[in-house]
Each structure stands twice: as C-alpha cells, then as structure tokens.
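Engineer: Same order as they appear, the protein sequences are chains S and W.
Letter 31 of the first sequence, counting from 1, is numbered 111 in my numbering, and no numbers are missing.
Letter 108 of the second sequence, counting from 1, is numbered 212 in my numbering, and no numbers are missing.
Idealized CB from N, CA, C, for every residue including glycine.
Since we're looking at a predicted model, the values are computed, not measured.
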Amino acid sequence: AQSVTQLGSHVSVSEGALVLLRCNYSSSVPPYLFWYVQYPNQGLQLLLKYTSAATLVKGINGFEAEFKKSETSFHLTKPSAHMSDAAEYFCAVKSGGYQKVTFGTGTKLQVIP
Amino acid sequence: GAGVSQTPSNKVTEKGKYVELRCDPISGHTALYWYRQSLGQGPEFLIYFQGTGAADDSGLPNDRFFAVRPEGSVSTLKIQRTERGDSAVYLCASSPQDQGGHGYTFGSGTRLTVV
Chain S
81 AQSVTQLGSH VSVSEGALVL LRCNYSSSVP PYLFWYVQYP NQGLQLLLKY TSAATLVKGI
141 NGFEAEFKKS ETSFHLTKPS AHMSDAAEYF CAVKSGGYQK VTFGTGTKLQ VIP
Chain W
105 GAGVSQTPSN KVTEKGKYVE LRCDPISGHT ALYWYRQSLG QGPEFLIYFQ GTGAADDSGL
165 PNDRFFAVRP EGSVSTLKIQ RTERGDSAVY LCASSPQDQG GHGYTFGSGT RLTVV
C-alpha cells in the first residue's frame with residue numbers, strides 16, 4: 081500500500097519568511113514523490129517531483145523539496161514567502177507496483193503581509 | 105490540445121438524475137485518470153485508463169459510476185441515479201504513460217452539485 085501524511089492542514093507565514101510544508105510517505109518500494117499546488121477555483125499544477133535521481137529537487141516558483149529515505153519524508157520549502165504563494169499544497173506518492181498517484185489531504189498556506 | 109479540458113465546468117442536477125462529465129486529455133497522452141475532490145479533502149482516485157481500457161477501476165465507489173474511453177483519447181465519466189453525496193469536484197488528469205515518474209497534467213475540474 082502507499083500513502084502520504086501531511087502534517088498541518090493550515091500553515092500561516094509572514095511575507096518573506098521561510099515556508100515549510102511537511103509530508104511523510106509510506107511505500108513498500110522506492111517511491112516517486114510529487115508536490116502539487118492548487119490555487120482557488122483552479123486545477124492542480126505540478127510543482128516538483130522526485131524520481132530517484134537527486135534527493136534535493138527544485139521546482140517552479142522557487143520551491144524545493146528534499147527526499148529523506150531514513151525519515152520517509154519529502155518536505156516542501158521556500159526560503160522567502162510571497163503573497164502569491166497562498167494556495168493549497170498537496171503531497172503525493174506513486175509506488176513501483178501502483179500506477180496511480182495517492183494524494184495527501186492538503187495544506188493550505190496563508191501568507192500574511 | 106494544449107491542456108486537459110473538462111466540460112462542463114459546473115453542473116447542477118437533481119437527485120436521481122443521470123450525468124455525464126467529459127475529459128479531453130493532452131494529445132498523445134495514453135494514460136488518463138479520474139479523481140474526485142470533496143471540500144477540504146485531497147483528490148481521491150476513481151479510475152484510470154491506459155489507452156482504451158480501464159487499467160484500474162478500484163476507486164469507483166459503487167456501480168452507479170462508470171467511465172469509458174472508446175477511442176483512447178476523450179473519456180466520459182457517467183453517474184447514474186445521482187445522490188447528494190456525489191457532490192464534489194471531479195478532476196481529470198493525463199500523463200504520457202502510466203509507467204515511471206511522470207507527473208499528471210490536471211484539468212480545471214467539473215464541479216458537480218446534486219440538489
């Protein structure tokens with residue numbers, strides 16, 4: 081079975097502060113891991129993905145995530161939050177034997193001016 | 105097309121009615137996925153197609169839900185005898201193939217409201 085757990089359904093940060101959104105995964109085989117972003121009334125957009133190459137993955141809009149096998153984590157970070165980063169973020173996993181992606185419950189990011 | 109297109113964007117229907125939701129994937133993408141997203145939740149897998157065949161329909165909640173992709177491109181999700189609990193945003197996604205670490209490209213979704 082495969083699953084992801086996102087800690088914190090809501091996260092608030094000040095503009096310019098570090099963004100840290102947490103994700104832990106469960107997979108019986110080496111996984112592919114993804115972060116998606118969803119802006120209000122829009123579909124999901126792929127931010128970045130880990131596919132067993134470099135453990136530190138850089139994505140769009142200045143976001144990056146680090147795959148840590150020992151911690152089964154794939155936390156999303158951005159050094160300095162912008163107002164435009166306010167959205168909902170979903171972590172997702174795909175394991176070798178599964179052809180579908182399983183999503184977490186999401187974390188809503190609020191950026192305070 | 106340039107992206108994944110879903111129609112209609114909004115659908116309001118009465119309880120007990122039949123609805124069809126359409127998805128037009130990116131040209132050349134062989135894998136197509138349907139997800140359902142309820143308020144405050146992450147996308148929940150329903151079914152996926154590799155080509156014309158349903159490779160995994162384990163997420164369909166019951167036999168009122170059915171999906172087809174007869175020519176390996178456009179897909180239709182069909183819901184019979186709709187119930188208020190079916191109200192959600194139905195998302196469609198496509199990817200070049202189902203193997204490997206390909207991310208999905210999502211459509212904007214169809215918001216279904218059953219009254």
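Say whether chain S places a C-beta atom closer than 8 Å to the C-beta of W:S239.
Structural biologist: Absent from the structure is residue 239 of chain W, since the part of chain W shown begins at 105 and ends at 219.
Engineer: Within 10 Å of its beta-carbon, does S:S83 have 16 or more other beta-carbons around it, so buried, or fewer, so exposed?
Structural biologist: Answer is exposed; the Cβ neighbour count stays below 16.
Engineer: Look at the alpha carbon of W:A106 and the alpha carbon of S:F170, and state the distance between them as a whole number of angstroms.
Structural biologist: Roughly 24 Å separates the two Cα atoms.
Engineer: Of all the CB atoms in chain S, is at least one closer than 8 Å to the CB of W:A171?
Structural biologist: Not closer than 8 Å to any Cβ of chain S, the Cβ of W:A171 fails to qualify, so no.
Engineer: If you run the structure through DSSP and keep just helix, strand and coil, what is W:G157?
Structural biologist: The answer is strand: DSSP assigns W:G157 an E or B state.
Engineer: Assess, as a yes-or-no matter, whether the segment 125 to 138 of chain W is touched by the segment 195 to 206 of chain W under the definition of 3 or more beta carbon pairs within less than 8 Å.
Structural biologist: Segments in contact, yes.
Engineer: Quick one: list the residues of chain W neighbouring S:T135, beta-carbon separation under 7 Å, in chain order.
Structural biologist: Here the premise fails: no neighbours, minimum Cβ distance about 14 Å.
Engineer: Could you work out which residue in S:E95, S:Y105, S:V91 and S:Q190 is closest to S:A81 when comparing CA atoms only?
Structural biologist: Of S:E95, S:Y105, S:V91 and S:Q190, the residue nearest in Cα terms is S:Y105.
Engineer: Please state whether the Cβ-Cβ distance between S:L127 and S:V117 is less than 8 Å.
Structural biologist: Going by C-beta atoms, S:L127 is nearer than 8 Å to S:V117.
Engineer: May I have the straight-line CA-CA distance separating S:K188 from S:A172, to the nearest angstrom?
Structural biologist: So the two alpha carbons sit approximately 15 Å from each other.
Engineer: Identify, in the order they occur along the chain, each residue of the same chain with its Cβ nearer than 7 Å to the Cβ of W:R173, setting aside the five sequence neighbours on each side.
Structural biologist: Excluding sequence neighbours, W:R173 sits near L136, F153, T156 and S179.
Engineer: Are W:L209 and W:Q110 close, meaning C-beta to C-beta below 8 Å?
Structural biologist: Per the sequence shown, residue 209 of chain W should be read as Thr rather than Leu. It is not a contact, given that the beta carbons lie outside the stated cut-off.
Engineer: Can you give me, in chain order, the residues of the segment 146 to 175 of chain W that have a beta carbon less than 7 Å from any beta carbon in chain S?
Structural biologist: Listed in sequence order: G146, P147, F149, Y152, A159 and D160.
Engineer: Work out the CA separation of W:A171 and S:S160 for me, nearest whole Å.
Structural biologist: When rounded, the distance between both Cα atoms is 43 Å.
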